[in-house]
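A.B. asks: Provided herewith is a single structure, encoded as structure tokens, for subsequent inquiry.
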Amino acid sequence: MSYKKDRYSNDLDSENAAHLLNLTRYFESVWDINILTRESKLLLHVIKGEHMSIKEAIILTDSSYRGFYILLDRMVAKQLIEIVPDKSDRRVKRIKLTEKAASHLLRDKELR
């Protein structure tokens, strides 16, 4: 495979995030190996544009309730994600990429 400088950039957009998640699913299904940390898996789904609920994220990351909130607190402290109320159900909290993280990670302005 020839190296293409423009293919590998410092930008992480939703297409690249989806590609990494597909690669992760492949490794998990074929070899039962997790190649991503729980934090990176959650972050990639959020970058991909999925504003999931806390409950969905706990299931996605295969975390315990307590373990997930430790992970969540760490990511909020790093200003990667923020917790926002759901527009239609005030009991539900959604996870969203912060503006600061979006400006550093995403080149696709539609995702910001």
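At position 35 of the sequence shown (counting the first as 1) the number is 34 in numbering that gives the first Met the number 0, and the numbers step up by one without a gap.
Just so it is clear, CB atoms sit at the ideal spot from N, CA and C, and this is done for glycine as well.
No experiment lies behind these values; they were computed from the predicted model shown.
1) From what residue to what residue does the beta strand (DSSP E) around lysine 92 run?
2) Can at least three beta-carbon pairs, one atom from the segment 28 to 36 and one from the segment 88 to 95, be found at a separation below 8 angstroms?
3) For tyrosine 7, which three-state DSSP category applies?
4) Any idea which residues DSSP pairs glutamate 81 with across the strands?
5) Please confirm if the segment 76 to 87 is in contact with the segment 42 to 59, defined as three or more CB-CB distances below 8 angstroms between the two stretches.
6) Using only alpha-carbon positions, find the residue among Lys77, Arg24, Trp30 and Leu79 that is nearest to leucine 59.
7) Within the continuous alpha helix (DSSP H) that includes glutamate 55, where are the two ends?
8) Please report the straight-line C-alpha distance between serine 28 and aspartate 61, rounded to a whole angstrom.
C.D. replies: So, from the data block:
1) In the sequence shown, residue 92 corresponds to position 93, counting from 1. Element bounds for lysine 92: 92 to 96.
2) The segment 28 to 36 vs the segment 88 to 95: no contact.
3) Counting from 1 along the sequence shown, the entry for residue 7 is found at position 8. Because the pLDDT at tyrosine 7 is just 46, under 50, the model does not fix this residue reliably, and the value given afterwards should be weighed accordingly. The answer is coil: DSSP assigns tyrosine 7 none of H, G, I, E or B.
4) Working through the sequence shown from its first residue, we reach residue 81 at position 82. Glutamate 81 pairs with Lys95.
5) Because the criterion of three Cβ pairs below 8 angstroms is met, the segment 76 to 87 and the segment 42 to 59 touch.
6) Counting from 1 along the sequence shown, the entry for residue 59 is found at position 60. Closest by alpha carbon: Arg24.
7) Locating residue 55 in the sequence shown gives position 56, counting from the first residue. Residues 53 to 60.
8) Taking the sequence shown and counting its residues from 1, the one referred to as residue 28 is at position 29. Taking the sequence shown and counting its residues from 1, the one referred to as residue 61 is at position 62. Rounded to whole angstroms, the gap between the alpha carbons of serine 28 and aspartate 61 is 15 angstroms.
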